[in-house]
Every structure is written in C-alpha cells, then in structure tokens.
Amino acid sequence: MMTIKRKILLILFGIAGLSFNAVPLLSQKKYSLRGTVYEMSARHQKQPLPGASLVIEASGIGTTSDVNGDYTLTPIFEGEIRLKVSFIGKVTVDTLLKIHADTSVDFILKEDNFRLKEVVVTVEPGQSGQSTSSTISHKAIEHLQSVSLNNVLALLPGGITANPNLNHASQINIRTVGNPNGWGGSAMNALGATIIQDGSPLSNNANLQAMHPAVLGNLGALGGTASPGGGLDTRNISLENIESVEVIRGIPSAEYGDLTSGAVLVKSKAGKTPLTVKARTNPNIYHFFAQKGTNLGKNRGDLNLSADYTYNVNTPVQSYRYYRRFSSKAIYSNVYLDNRWKSNTIVDFMYGQAKRDRNPDDKITETVSSGKDAKLSLNTNGTIYFKDKSWLKNIKYALSGSYTDKKSHYEELYTAANAPYSMTTVDGAVITNKPGLDLYDVDGKKITDYTHVNPSDQAVFLPSTYKGKYDIYGKEINAFAKLSATLFKRWGKTDHRILLGGEYRLEGNVGKGKVFDRMAPPYRNLQALNATFRPRAYKDIPFIRHGSFFVEENLTAHLTPNNQLRVQAGLRYDMMKDVENVLSPRINASFEMIPQKVFLKAGYGVTAKMPTLVYLYPEKAYFEYININEIPNDKIPKDQRIFMTTTRVFDTRNHDLKAATNTKAELGADFLFDDFQLYVTAFKEHLKNGYSMSPRFNPVTFNEYKRAEGKNQPVYKLSAAHPVLAEYYVPSNHLVMNSKGVEFDLRLNRINAIRTAFSFSGAYIENENYQDTYTYYDNSGEGGASRTHVGLYGPAMSKHKTDRFSTALRATHNIPEIGFVVTLTMETVWSQRDRYTFGNDTVPVAYISKNDGKQYDFDPSKKDEPEFKSILRRRNDALYIVESIPPLFNFNINITKEIRNFMRVSFFANNMFRYYPVVESKRSPGSFYQGSGGFLPVKDFFFGLEINLLIH
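Each residue of the sequence shown is one higher than the last, beginning at 49 in this note's numbering.
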C-alpha cells in the first residue's frame, strides 16, 4: 500500500512542480458580494426569501439572507469563486462568479419539484478533490419510495434494488458483495459505516441486546433488532423528513471518525414548508406521514413539525410477524448576530417494535418474540460566520444526547431440554439440588464447596419440557459534542482553507440487562458443551469515553491560469481508555487537466473504528459439569436423590484489544463535458484488527461420582476424572478484510427531443475475508470420556472470497408542463462468484492438549495414532468448487405525477416482468437456487402506491 501511496503523491506533485513557477501571484485584493435572494410565490410572483444559505465552500465564508432576502458576503478575494445558494425545498444554485470589484448579484430559487426541466432522481457525484461520495436528494428518495435508509443505497454504483419493506433489521454495507435480501455483506463493514444525522452520529456502540456472545461467539440480537456486532438498524430512521443523504465511500475528511467503511450524512428538513400529508402502501406496508413548517414571525425563527407511522407485515399470510414504527420530530431554526449565526435545535422521538406473536397453528414450540426500541434525542447544531479580515471564517458546533430504551423478549416451549443449571456465579462452586447440603466421599473428604455461594442457590436438573422466557433490558445513553473552526488564508499562488477541531463521545448502557427465571433458563446449545447462561446487569459496565482531535488543510494551488491542483490532507487522533490511541492520516487530491472538463484524482488514508461496549466489556463464560445425577434413578426415593454440579467461570475480556483500522487507496478520473459526465474510480482497501469473537480453551477436570453401596448415609466414590477443555469465545482483532474494485457513473444530459436523460452506472467489487489466527477444530463428543484434544490449523487457513460485476441503466423521461416523471431501470448482474481458498486443511500444525490446556506442535507422523485421529479435519471437497451464477436481469419502473400544485401520486413496480431464474448449485448438483433471500440477487415482483397532498 505504501508503494501505491508514493506513486500517487509523485504523480500529483510532479505535475505541480513542472508548472507552478510559471504562475503569477494571486491577487490579495478583497471585495464584497451583495444582493437579494428571491423565490417565486404560488402566483408566480417574485418575493424575498429570508433564511437562504449562501456559502463559498473553498474559503469557508458564508451567511444567511435576512428578513428582506438581502445578504452580504465579505471579505472575498479577487478572482473566481464557486457560490452555493440553498434553501429547504428549493433548487440549489451552484454557480461560478468572477469577482473583480464590489459586486451585486440577485438569485431566484425555484421550487424543487417534478415540474423542472432537469429532474434529478438519481445520485449526484461529489466534487473532485474530495472523498468519493454520492448525494441522494429527497426527490430521488420519494421517487424510489424508499422506506429504509438501506433502500437508497441501490442508487449507488453497483447497488441493487431491494423491495421496500421492513421485514428484518437492515444495516448499511459499503463496497461489499451481497444482496439486499440477506446473502453476503459483513457485520464488521456495517459496524464501520457511521450514520451522521444533522452533524451528530447515530451510534450502535452501547448496544448489548445479544443473548450468548460468550457461548458461541454469536452477536445476533434477541428479538430481531440490530446486532451489537454490526451497524444501526436503519428501519428506525424515518426518511420522510430528510432533505438529502450523502454517502462517503472513499477517504473521508479528517473530521469524520469512528468509522472504517465510510460515512452516511443525513440532513433533515428544517424551516418553512407547506402542510404535507402522505399515505403509502405496498404488499407489506402501510404508512402515513404529516409535516408542517411555520415561520413564527419576525426574528422568531421557524418551527418544523413532522410525524409518521409505519406498519409492516412480513408476508400477508403471516400476519403474526410484523414491525411497526412511530416517529416524530420538532426542529426549531433561527439566525442571530446579524444573520451570521445559523442554528438548528431538534427534538426527535422514535418507537420501533419487531414482533412475532404466537402462530395459532404452532402447537409445538409456541414461539413468541419481540424487540422494542424507544429513543428520545436532542440535537443542536449551527454555524457562526465571521466577516472581519482575520483568518477565522466560521465556527461549527454540534451537541447531542439520546436515551434509548430497549427490550428484547423471547419465549419458547422447549422439548428434550434436560440439562443442569446451578444458580451460582462462583467459580469452582460445587453445589447440590438441596441448598447447603454437604456431601462426602468414601474417605470422608467433603466434595461439595459452598464458599461464597448464596445460601438459596441450588443445582437444578431441568425438566424435559418447560416454557423458557427471557428478556434483555437495555438503556443506552449517548452524548456527543463537536467543535470545529475554519481558517482561510491566501499565500502567493495558493489558497489555504484549514479545518481544525475536536469531538467527545460518552456512551454507556444502564439497563437491567439479561433477566430470566433461574428455574426456566434459556435452552442449552448442544454445540457449546457444558456451557450455560447467567443473568447480567448492565448498569455496572463502565461507559465508553472517546475523544478525538483533527486538523485538515484544503489547499488550492493555481498551477497555470486555468489549471488547479486541489489537495485535502488531514490528520485525526483518536483516544479511548484501555485502547491504544490511533493516528489516522488522510489525503485526497485532484489535478485539473483540462479546465472545468477533465480531472485526475487520487486518495490515500487510514480510518479507524474503536471497540464497542460488547467487545470492550464482554460477559463471563459459565460452564456446568454434572458430578452426580440420581434424578432418573427410580431405586432411590425421590426426596433423597442427589444432583450435584461443578460451576466454572472464565473471564472473557481481552485487555489487548486494539482499534480496527482500514487503509484505503483510490485512483480515478472525472470527465465533465457539456453533453455527458463520466466518473471512474478504482479503489483498494485493507482492514486489519477487525472485531470478531474467537475461541479460547481452558483445562477443566470433569469429576463424576457414584453412590457407594452399603453405607447408612449417602457417600460417594469417584468413578471418573476426565480432562476436558472448556471452549468459550472472547473478543479479538483477528478479522482481516480486503476489498478492491472499480466504480463508474456515466450521465448523459437530457435529450430534449425525447425529453429523456440516461445514466449508466456499475461496479466490479471483490471482497476477501479471513481470520489471521489459527483455525480451531474440536471434534469432542458430549460426554466427558469422549472429549479430545483441539487441532490448530495454520493462520488464515481458509479465505472466503466473493466478487460481482453489476450495472444499472436508467432512463428518466419527464414532461415538466404536467409534472410527470417516469424512470425505467434495467439492473444486470453480469457475474457473481463465491469461493474459498485453503491452506493445509487436513493436518494440524499444533494442538491444545485436553490434559493441561497447553499448546504443542503437532508431529504429522502421529496422525494415525488413536489419540490424534480426532483432530484431523475431513476435507470438504464442495468448498473447493467456485459457486457462480449466469447473468441475471431485473427491470423496475417508477412513476411520479404531480396534479396541479396540491397533489403528487407515485407508483413503482420492481421485477416488473416477473423474472424468476432457477440456477443449479455447482457445489451441490441437484439442488437449485431460486427466488429471493439467498445467493441469487433477485427480488419478487413487488409494487406500491403513494399519494402526497401539499396544502400551501
């Protein structure tokens, strides 16, 4: 990767050095820009627009139009500037102005609706010289009828449309192979994809809703909500009050941290808006939404109120499985200090519940589950602009706090459930089914041990059938503060915009934690030998305290009068208690080969994701070994039968846990011509120290006793002492992920003769995941006598690789006069492969002895000895076969029609030609892939309707 970095820097700065000296010094003269911002009223009359934002991003200078629509920007250096004028619900003006004197310019902002000649319902690529990104407008979200933040990612290069439903918890994956129906993707990729709403992150760091991470290393959420090992559940983010979504896939600015994959920036609608009432339905969902933004009077600001309700049933024939969400938001926005301080304060409430009621036909398991999230958050953010002649141009801030009440519930009627459960949490405790009863062996030695054991604790032999009910209560607290300053200075032939700042996060969980009846605990897992569960309170877990500082230089070098080199170079420093601090350098650059037409771009940088609560403070691992079991013995009176167990407890915390880091490199080009624009980016990423749960083994002596014959009082003799290994899971940094590929986006401007614009985008993406530690092979049986050593196979023995090449051709036809827009999309998956590569997967390089728990090198000459035969893996020939599919095609249609100025109707149909391929598996001939939800990136035929009323 360092070689790539050096090449990128040599190319960029080599070009700069050839021409830099020939450029005259830039002008140091400063002027002002004044004018008025207008909007067109419902009667098509021009009227002042207060509250419009005017920003020169290159220098950090900005302001807001006053109550009369007037604005002033000063001081502005002489020369060419790019000015953005924006207002919620209006078309943003992005224009180049040449400033050679004090200048006056007025702007008229058009209503951002479907009656425009140029209607953008696809993604807008980011600016050259900055991170690779795409912005999705509220019009595109409405046209697509997205119900989840995950749905809008289908518009990105290489994205695949998913049917808009809320059946399952969904997460953000960036530059990964997988399909929206569940195959592929990565929990670590999602964990490293941060969602930032209105300047503050939406965090999953304090999520602890997993039932048994130490038992099987499984971080799946109880009740169907977001996994603690992955990203935020995007179902809980309403898209109705969203102005735009920006997805940063490349090397992000140094101001964005606690991420590895990328960032999703969500901007809410604030300010004055007409009363909007919306209703939407499709085979899974019905949805209602209302919003109104009101001006409170002169200098009193605006208040924007919104609320929505969504009900989703998984399938029409399974009404007992559903998800429902209610959310509401209040946004107060105002300007102060002569329109130099722009502020937004947001109060947001969300309630979401995934529920599975009892199926009336289920007479066997009687399964019921639910996952509830109730969140209240407060966010205030703003920008203060400075108009004097100092370096300081603006200060930005964001403060937020949230409280999330989570409850996950599961209940099931268990069968064949006989298992031990001793209620104690004391390591080494040996207790019986009769609290406090001491037992002795034939030599008079006490074999029970009640040291530090609660007097009421007892060993229980669970019945064959019982109803298990358990809950996880989480109360997540998140606080965030960020402050940054923008400085600007012109030196000679270069402009310098410097960003510096810091942020602080406080995140914790004070919930009751895992709760269940100790007489009816969760069902044992047969794969986790002797492992068991204990309740755990979360309030004793320390909070995460994460501080960061960043500095970034945005340099514009005028190499010739018409060519510029733009460089964004920054450093970020992250600090967290008990975790090694991380320094993350990042650079993005672009060179203007042909003025305003052709740009070469490159980037290199490091991003870091700090450990979350579930990895920093994992639960302990508990094991129970049955020493005496007389419960099934009918020869002993029932009240005299003894059941005795030994409890072992192991700490699973990893004190050497590091931050996961991702090294990113990019190289690309932008071609911006009058009739078309083409964006091409090649990328390569290497993530190391990724988080996963890895096995650990501790030696245990498993004693078994039998009642001695001919004794008046029950005494016991040792019948067996088995050396066994207790296997549990600990957080680790062994996950490695490599990604590479090429993205492209070709956009043809609207052809007026046919009123149609075309876009053709796609991506080739290749992912590789593996563990850089040993692969453990434990072939033990359930009984103590059938335990074996554990085989250790070489690090990275198995590597999982996936790749896909997919494209999307979109044709958008619009008739502005009647507000009609139709988009036809043809998605094609040209190839998709799933494969494994193996090292030596049949003979171990070492083993962990069951006798002492130590690791020993393995002598291959002993592979046929009875002691070691059990640690030899059997080769799975099927995994050596590459699973692949032929080209697949999918056609979608989206239609939006505005009816005068008060109604909008939208309709969509996915897989409109009902294309259902059947593909035979190459690994398992005779079995077939068909339908959605698996390896095939296809979807069911799906359609929906939306009606939107606007009352001005």
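By construction, the Cβ of each residue, glycine as well, lies at the ideal position given by its N, Cα and C atoms.
Collapsed DSSP secondary structure at residue i in the structure displayed
i: Asp851; result: strand
i: Glu166; result: coil
i: Lys645; result: coil
i: Leu197; result: coil
i: Thr944; result: strand
i: Gln175; result: coil
i: Asp22; result: Given that the chain is displayed from residue 49 to residue 1000, the structure contains no residue 22 and the question cannot be resolved.
i: Ile479; result: strand
i: Leu57; result: With a pLDDT of 49 at Leu57, under the threshold of 50, the modelled position of this residue cannot be trusted, and the question is left open.
i: Leu97; result: coil
i: Leu984; result: coil
i: Ala926; result: helix
i: Ala533; result: strand
i: Thr873; result: strand
i: Gln76; result: coil
i: Asn211; result: coil
i: Pro771; result: strand
i: Ile495; result: coil
i: Thr282; result: helix
i: Ala844; result: coil
i: Glu678; result: coil
i: Gly65; result: Its pLDDT being 46, under 50, Gly65 is placed unreliably in this model, and the value from its coordinates should be taken loosely. It is helical.
i: His594; result: strand
i: Gln688; result: helix
Residue i, buried or exposed, once every other Cβ within 10 Å from all chains shown has been counted against 16
i: Gly974; result: exposed
i: Met951; result: exposed
i: Gly484; result: exposed
i: Ser638; result: buried
i: Ala70; result: The predicted model places Ala70 with a pLDDT of 41, which falls under 50 and marks its position as unreliable; any figure quoted below should be read in that light. By the 10 Å Cβ count, Ala70 comes out exposed.
i: Pro249; result: buried
i: Arg545; result: buried
i: Pro680; result: exposed
i: Asp826; result: buried
i: Arg22; result: Nothing can be reported for residue 22, as the shown portion of the chain is limited to 49 through 1000.
i: Thr580; result: buried
i: Gln644; result: exposed
i: Leu783; result: buried
i: Ala33; result: Outside the modelled stretch of the chain, which goes from 49 to 1000, sits residue 33, for which no answer is possible.
i: His92; result: exposed
i: Ser448; result: buried
i: Thr282; result: buried
i: Thr337; result: Looking at the sequence provided, one finds Phe at residue 337 rather than Thr. Label assigned to Phe337: buried.
i: Met236; result: buried
i: Gly492; result: exposed
i: Ile589; result: buried
i: Tyr928; result: exposed
Opposing strand residues paired with residue i [DSSP bridges]
i: Ile109; result: Ile104
i: Asp519; result: His457, Val563
i: Ile933; result: Gln880
i: Ser418; result: Lys403, His457
i: Arg328; result: His335, Glu994
i: Ile296; result: Ser181, Ala311
i: Tyr462; result: Tyr514
Whole-number beta carbon distance between residue j and residue i, since they are thought to touch under 8 angstroms
i: Gly206; j: Gly810; result: 6 angstroms
i: Pro322; j: Leu998; result: 5 angstroms
i: Tyr673; j: Leu487; result: About 15 angstroms separates the two Cβ atoms, so there is no contact after all.
i: Glu303; j: Leu631; result: Not confirmed; about 15 angstroms, so no contact.
i: Val225; j: Asn815; result: 5 angstroms
i: Lys754; j: Ser742; result: Not a contact, Cβ separation roughly 38 angstroms.
i: Gly410; j: Lys657; result: The displayed chain sequence assigns Asp, not Gly, to residue 410. In fact, because the Cβ distance is near 40 angstroms, the residues do not count as touching under 8 angstroms.
**Asked** Contact between the segment 169-180 and the segment 817-826: three or more CB pairs below 8 angstroms?
**Response** No contact exists between the segment 169-180 and the segment 817-826.
**Message:** Quick test of the definition: if touching needs 3 or more C-beta pairs under 8 angstroms, does the segment 522-538 touch the segment 549-556?
**Reply:** Contact between the segment 522-538 and the segment 549-556 is present, with at least three C-beta pairs closer than 8 angstroms.
**Request:** Would you check if the segment 436-443 and the segment 459-466 touch, i.e. whether three or more CB-CB distances between them fall below 8 angstroms?
**Result:** Because the criterion of three Cβ pairs below 8 angstroms is not met, the segment 459-466 and the segment 436-443 do not touch.
**Request:** Mind the definition here: the segment 861-875 touches the segment 828-842 only if three or more C-beta pairs lie below 8 angstroms; say whether that holds.
**Result:** With a cut-off of 8 angstroms on Cβ pairs, the segment 861-875 is not in contact with the segment 828-842, counting fewer than three such pairs.
**Prompt:** If you pair each beta-carbon of the segment 774-793 with each one of the segment 662-680, do three or more pairs fall below 8 angstroms?
**Reply:** In short, these stretches touch, since the Cβ pair count reaches three.
**Asked** So, do the segment 682-692 and the segment 269-283 have three or more beta carbon pairs nearer to each other than 8 angstroms?
**Response** Because the criterion of three Cβ pairs below 8 angstroms is not met, the segment 682-692 and the segment 269-283 do not touch.
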